[in-house]
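Chains as they are written, first to last, in my numbering: chain A, 1 to 353; chain B, 354 to 451.
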């Protein structure tokens, strides 16, 4: 008998082939104590969020259906008074937890409670490297101080933390200093430059996206000249949304992913199997590159991480290109090309006569 | 060793997919996949059964000699303990005394 570390990929393939919901992203609440302008959340205030009892019932179901990874996000998860009841129950069922939070509600006691959950990671949003820039974006005084303190409290308890940032107009100049800050406090740093529209269809948050020049200057130090930033999927633009992963809203609606707000059904009314075989889930799974009229011949495909949800939100067309992804792919290609040219020039200069 | 009682470490996360156990140890950021026999031992590591009792079950279910099952179960649980996937809750004697 041996333990294996490599067969994990085989397990993942199995979960995809059999539509086992291996990873579930669960937005536990849309309530939040910050007011970030780029946030995609648009709560439907007339609807009741699931109770902890309903959530426990769904966790039971997910455990039976093969889920291992559960990502709890919001809104702000810690605004739910019953958050730790839910999270402890999830751990009791054997799920691996990732917690997405703004960190502002984490004090010593909460940090102790989080440590006892043994989460895979706690991912804290940070939008600046100084109180001024971060608090301006969150519209909440002291949020920077509190988020940073949360990271320190968790790191001090050996909880793996990730600083997650969205790079946008209000903080692009602090990208490198945010990265340095994360390193200094012992957290991993992850960033994204793509801001998604609001779930009610409003494109307002997208006004904070970086333009081409800003993206180029932010990404230039990050992109490798050898092309490691090319899409590792090659020309396979499929994703796991609706295959072995999906998202659950605070109301129990199930979406192919958290960015794709077209529900396959509500878990309080329909079976998981019905939802997984709903028209929208089936449609998402059936898309192949040949179905994408603009993308299939695109020269940027090797650099592109096309998100069908984003394409749908931006243009209403599930099979069309996403403006944000096209821009990002184009900038990555430019940077790689420019770095290669620069290397050739340097080599020519250095070559002995 | 055979009287020791293995129990899943409370920090682990796990799921059984098609008879194989996928186990995550958050502190190590490590995923392990156990085959069907390993998966059964994992399942039986419930803090109530000793390794000897687990070996008896393996003998019945997998049609292997008790001696082989015991040796394998001892080695395997030791390996899992090294990887922080299980703890030892004590020994059978302690259980009976308690």
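C-beta atoms are modelled at their ideal positions from N, C-alpha and C, and glycine is treated no differently.
If you're wondering where the values come from, they're calculated on a predicted model, not measured in any experiment.
Within chain B, the residues 370 and 371 have their CB atoms less than 7 Å from the CB of residue 14 of chain A, given in chain order. Below the 8 Å Cβ cutoff, chain B contributes 368 as neighbours of residue 67 of chain A, in chain order.
Note on geometry: alpha-carbon atoms of residue 428 of chain B and residue 434 of chain B lie some 10 Å from one another. Assigned with DSSP and collapsed to three states, residue 396 of chain B falls in helix.
With respect to the 8 Å criterion, residue 384 of chain B and residue 377 of chain B are classified as neighbours on the basis of their beta carbons.
Within the model, the alpha-carbon separation for residue 37 of chain A versus residue 265 of chain A is close to 29 Å. Under the rule that a run must span 4 or more residues, the alpha helix (DSSP H) segments found entirely inside the region 264–331 of chain A read 272–276, 279–286 and 308–315.
Residues of chain A whose Cβ lies closer than 8 Å to the Cβ of residue 364 of chain B are, in chain order, 118. In this structure, residue 138 of chain A lies near residue 34 of chain A, with their beta-carbon atoms less than 8 Å apart. Sequence-distant Cβ neighbours of residue 112 of chain A in its own chain, meaning closer than 8 Å and more than five residues away, are 157. At a Cβ-Cβ threshold of 8 Å, residue 210 of chain A and residue 167 of chain A count as neighbours.
Judged by their CB atoms, residue 398 of chain B and residue 359 of chain B are nearer to each other than the 8 Å cut-off. For residue 88 of chain A, the secondary structure class from DSSP, reduced to helix, strand or coil, is helix. The contact set of residue 20 of chain A on chain B, defined by CB atoms closer than 7 Å, consists of 370 in chain order. With a threshold of 16 other beta carbon atoms within 10 Å, residue 124 of chain A meets it and is buried. Sorting A:81, A:135 and A:159 by C-alpha distance to the C-alpha of residue 116 of chain A places A:159 at the top. Here the region 58–66 of chain A makes contact with the region 88–99 of chain A; the two share three or more CB pairs at distances below 8 Å. When the Cα atoms are used, residue 369 of chain B and residue 71 of chain A turn out to be separated by approximately 19 Å. Rounded to the nearest angstrom, the gap between the Cα atoms of residue 218 of chain A and residue 175 of chain A is 7 Å. In this structure, the alpha-carbon of residue 339 of chain A lies about 34 Å from that of residue 132 of chain A.
In this structure, the beta-carbon distance from residue 109 of chain A to residue 31 of chain A does not fall below 8 Å. Between residue 88 of chain A and chain B, the shortest Cβ-Cβ separation is not below 8 Å.
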